[in-house]
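Residue numbers (the numbering used here), protein chains in the order written: chain F, 1 to 193; chain B, 1001 to 1193.
2 protein chains.
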Amino acid sequence: MFDVFQKYLEEKIKLTEQNLELIQSVSVIKKLRKHQYLLQADDVWQYNSFVCKGFVRTYYVDNKGQERILNFSPENYWICGDKASLASKKPSKYNIDAIDASEILLIRKTDFEMLCKKIPVLNDFINSISQENFIAMQERICVNITFTAEEQYTNFIQKFPAIANRVPKHMIASYLGISAETLSRLRKQATKK
Amino acid sequence: MFDVFQKYLEEKIKLTEQNLELIQSVSVIKKLRKHQYLLQADDVWQYNSFVCKGFVRTYYVDNKGQERILNFSPENYWICGDKASLASKKPSKYNIDAIDASEILLIRKTDFEMLCKKIPVLNDFINSISQENFIAMQERICVNITFTAEEQYTNFIQKFPAIANRVPKHMIASYLGISAETLSRLRKQATKK
DNA sequence: CGCGACGTTGATTTGCCTCAACGATTGTGG
DNA sequence: CCACAATCGTTGAGGCAAATCAACGTCGCG
Chain F
1 MFDVFQKYLE
11 EKIKLTEQNL
21 ELIQSVSVIK
31 KLRKHQYLLQ
41 ADDVWQYNSF
51 VCKGFVRTYY
61 VDNKGQERIL
71 NFSPENYWIC
81 GDKASLASKK
91 PSKYNIDAID
101 ASEILLIRKT
111 DFEMLCKKIP
121 VLNDFINSIS
131 QENFIAMQER
141 ICVNITFTAE
151 EQYTNFIQKF
161 PAIANRVPKH
171 MIASYLGISA
181 ETLSRLRKQA
191 TKK
Chain B
1001 MFDVFQKYLE
1011 EKIKLTEQNL
1021 ELIQSVSVIK
1031 KLRKHQYLLQ
1041 ADDVWQYNSF
1051 VCKGFVRTYY
1061 VDNKGQERIL
1071 NFSPENYWIC
1081 GDKASLASKK
1091 PSKYNIDAID
1101 ASEILLIRKT
1111 DFEMLCKKIP
1121 VLNDFINSIS
1131 QENFIAMQER
1141 ICVNITFTAE
1151 EQYTNFIQKF
1161 PAIANRVPKH
1171 MIASYLGISA
1181 ETLSRLRKQA
1191 TKK
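Structure below.
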């Protein structure tokens, strides 16, 4: 499974043989069955993680007991819901679990920092990803405070068609912050048009 | 005004005399009157910017013609609403203008990258700020998709009392994504309790 | 086979928006 | 310096979008 990650990296940046070996030496693969947790709320998280295979979600349970999905992480993406706990070393507020059977590549925080120090091109790459994520997040806030439920859903399927086809509808509703019933009705209306 | 920025930096990281001079050599101060634009939508933005004095907001105009505030940046904070244009070199979707008369320190993107290259401790510091911002953003999304208007407002004043006291109410409403009328009614209710 | 996950539909309620109007304050140009 | 305009906050009336509560069909799985 490391080869998936390797291929991903090689498409983005130039790495020497030694660097790749160094990265591999600190990488661990974790297999998850469907519904299995990668991280449970109240645990401390200490890894950077990349989805080699499968599909993962980050969510939390709100004060009314509802599951709220913060993020989907399909294969070939970093999981970015765990940053808060990773940075603060405090127990996580979020859960991460597998939507499909998955294989996750883990790199311990300290190892990851070592890698970034030793491989400047990796460091730059990671920073550019962080920046992209930040911009995407900002985008999402705009969508959230501006759009109606319908507009949000349209925007979502047009932006993430792959995810939209792959996860249950009620999870999309949870991600958008609307009820599953409302989403169902929106979909019905949309087909009419 | 550079001294405000210098003081800010020195509280956070150790810098040599030369490094400080280097930073100062690429810094420019821009004064803004109340209501003056720092950045207007459709312009390209190429600076990292820090508020030395005053108060600034980042906002956009939605498809219904409403102003939506994405961010407030008080003094001693970086302005982080301009990242998308800065990264992509594309015209900005956002406007930035002064809520109060302000003085903004600007560092051109290329100069800023040079600084980060030459001053590792600055680079690390900037990265940690980016991370904090990212986490705050994530937090905001949670609040947004979970909370009612009332909960959001309570959360806001408790989290940013300084901002809450300083900006007009209708801007807070705009930031939260609720109407000014609703906010007014919430406030009325709150005083009753 | 039976149970749970998923999606849908209906009825009802409600939180928030929109439109409109009005004081209070601030700012500004003649 | 006063008059008038603009900004800000508030209040009321009415309407709508979405939540909630409830029930039901379908499918896949243990």
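Even for Gly, the Cβ is constructed at its ideal location relative to N, Cα and C.
Every value quoted in this text rests on a predicted model; they were computed, and no experiment measured them.
In the structure shown, what three-state DSSP assignment does Ile1129 (chain B) receive?
Within the second sequence, residue 1129 (chain B) is the residue found at index 129, counting from 1. In this structure, Ile1129 (chain B) counts as helix in the three-state DSSP scheme.
In this structure, does DSSP put Tyr94 (chain F) in helix, strand or coil?
Against the first sequence, residue 94 (chain F) aligns to sequence position 94. The answer is coil: DSSP assigns Tyr94 (chain F) none of H, G, I, E or B.
Contact residues within the segment 64-85 of chain F, judged by C-beta distance below 7 Å to chain B:
Arg68, Leu70, Lys83, Ala84
Assign Val1004 (chain B) to one of three DSSP states: helix, strand, or coil.
Stepping through the second sequence from its first residue, residue 1004 (chain B) is reached at position 4. Val1004 (chain B): helix per DSSP, three-state reduction.
Buried/exposed call for Gly1065 (chain B), threshold 16 Cβ in 10 Å:
In the second sequence, the residue the question calls residue 1065 (chain B) occupies position 65. With fewer than 16 Cβ atoms within 10 Å of its Cβ, Gly1065 (chain B) is classed as exposed.
Under 9 Å by beta carbon: chain B residues contacting Asp43 (chain F)
Here residue 43 (chain F) refers to the residue found at position 43 of the first sequence. Those do not exist, as Asp43 (chain F) stays about 17 Å from chain B at its closest Cβ, beyond 9 Å.
Enumerate in chain order the residues of its own chain whose CB-to-CB distance from Asp1043 (chain B) is below 7 Å, with the five nearest sequence positions on each side excluded.
The residue given as residue 1043 (chain B) occupies position 43 in the second sequence. Same-chain partners within the cutoff: Pro1091, Ser1092.
Quick one: Cα of Gly54 (chain F) to Cα of Asn48 (chain F), how far?
Position 54 of the first sequence, counted from the start, is the residue given in the question as residue 54 (chain F). Position 48 of the first sequence, counted from the start, is the residue given in the question as residue 48 (chain F). Rounded to whole angstroms, Gly54 (chain F) and Asn48 (chain F) show a C-alpha spacing of 17 Å.
Can you tell me the Cα-Cα spacing of Arg185 (chain F) and Asn1019 (chain B), whole angstroms?
Your numbering for residue 185 (chain F) matches position 185 in the first sequence. Your numbering for residue 1019 (chain B) matches position 19 in the second sequence. Rounded to the nearest angstrom, the two C-alpha atoms are 60 Å apart.
Kindly indicate which three-state DSSP category Phe1147 (chain B) falls into: helix, strand or coil?
Sequence index remark: in the second sequence, residue 1147 (chain B) carries index 147 (1-based). Coil at Phe1147 (chain B), not helix or strand.
Can you name, in chain order, every residue of its own chain whose Cβ lies under 7 Å from the Cβ of Asn1133 (chain B), other than the five neighbours on each side?
Here residue 1133 (chain B) refers to the residue found at position 133 of the second sequence. Cys1080.
Does any C-beta atom of chain F lie closer than 8 Å to the C-beta of Tyr1059 (chain B)?
The residue given as residue 1059 (chain B) occupies position 59 in the second sequence. No, Tyr1059 (chain B) lies away from the interface with chain F (no Cβ there is under 8 Å from its Cβ).
May I ask you to list, following chain order, the residues of the segment 1134-1158 of chain B that have a beta carbon less than 9 Å from some beta carbon of chain F?
Phe1134, Ile1135, Met1137, Gln1138, Glu1139, Arg1140, Ile1141, Cys1142, Asn1144, Ile1145, Thr1146, Phe1147, Glu1151
In the structure shown, what three-state DSSP assignment does Lys64 (chain F) receive?
Position 64 of the first sequence, counted from the start, is the residue given in the question as residue 64 (chain F). Note: Lys64 (chain F) maps to coil in three-state DSSP.
In angstroms, rounded to a whole number, what distance separates the CA positions of Glu151 (chain F) and Ala190 (chain F)?
Position 151 of the first sequence, counted from the start, is the residue given in the question as residue 151 (chain F). Position 190 of the first sequence, counted from the start, is the residue given in the question as residue 190 (chain F). Looking at the two C-alpha atoms, the distance is approximately 11 Å.
Would you say Ser941 (chain B) lies against chain F (beta-carbon separation less than 8 Å)?
Lying outside 1001 to 1193, the shown extent of chain B, residue 941 (chain B) is not represented and no answer is given.
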